[in-house]
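Protein chains in written order, with my numbering: chain A, 607 to 718; chain B, -17 to 94. Beta carbons are placed, not taken as given, at the ideal position from N, Cα and C, and that holds for glycine. First up is the structure itself, then whatever we jot down about it.
See the structure below:
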């Protein structure tokens, strides 16, 4: 089955710092890869996705590249803002399916 | 589009009572998912439906949990009898097939 490993949180950064949240996955076949974000008191929202190897997903200044050789999909942002404080979830989905497997997520705290 | 609607937002009940959580998916979405989120275990998939039919309920913790989807616009998750360890945030999500999930804002359940 599918599984995902994310770096332990919380990650605390100063505003404008560079962000990396590591994600590695195991999955059967050729999964699509997603990053979701959860703001306090809300449900998860899709942040970005990549559907095949070497694809780069991007949104709101965040980027992640689908690395099949290392089974990774690390999330990066060049300059974080206080409003980016949230919990971030990496999730693989089997090819042709929509059943997401989530880990515990990584909490990001951005301070002034 | 109103998004996925869950009710109630908060539920506090005593151990042994029956609890019913409700979900209205986005119109036209044919897949519906119930997730449970806790600090210890993160986000766990409980059950999902395709076209109102339960496809995978392997995540349902035990017989005290049951889920129904009587039509395309409504689903319930019932816990009977409830226990303190069921305290969590329960999310419903829907999807139009092989597409990213749209989450509701969740129901925070507290069982005392």
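Exposure of residue 662/A is indicated by the presence of fewer than 16 other C-beta atoms within 10 angstroms of its C-beta. Contact between the stretch 50 to 61 of chain B and the stretch 607 to 618 of chain A is absent: fewer than 3 CB-CB pairs across the two stretches fall below 8 Å. Comparing alpha-carbon positions, the option among 635/A, 622/A, 684/A, 718/A lying closest to residue 664/A turns out to be 684/A.
Residue 76/B and residue 11/B do touch by the CB rule: their CB atoms are close to 4 Å apart, below 8 Å. Contact check between the stretch 31 to 46 of chain B and the stretch 710 to 717 of chain A: fewer than three CB pairs, one atom from each, fall below 8 Å, which does not count as touching. Residue state for residue 38/B is assigned as strand, using DSSP reduced to three classes. Of the residues 677/A, 709/A, 695/A, 652/A, the one whose Cα lies closest to the Cα of residue 635/A is 677/A. Pairing residue -7/B with residue -14/B gives a Cβ-Cβ distance that is not under 8 Å. Under the three-state reduction of DSSP output, residue 686/A falls in the coil class, being neither helix nor strand.
By the neighbour-count criterion, in which 16 or more other beta carbons inside 10 Å mark a residue as buried, residue 686/A falls on the buried side.
For residue 673/A, the three-state secondary structure derived from DSSP is strand. In the three-state scheme derived from DSSP, where H, G and I count as helix and E and B as strand, residue 67/B is classed as helix. Of the other Cβ atoms in all chains shown, 16 or more fall within 10 Å of the Cβ of residue 72/B; this residue is therefore buried.
One finds nothing in chain B with a Cβ atom closer than 9 Å to the Cβ of residue 621/A; even the nearest lies about 26 Å away. Its Cα nearest to that of residue 694/A, the residue 709/A stands out among 709/A, 688/A, 705/A, 700/A.
Within chain A, no C-beta atom comes less than 8 Å from the C-beta of residue 72/B; the nearest is roughly 11 Å away.
In the DSSP annotation of this structure, residue 680/A is not part of any beta strand (DSSP E), being labelled neither H nor E. DSSP, reduced to helix, strand and coil, places residue 81/B outside both helices and strands of the structure shown, so it counts as coil. Under the Cβ distance rule, residue 648/A counts among the residues neighbouring chain B, one pair being separated by less than 8 Å.
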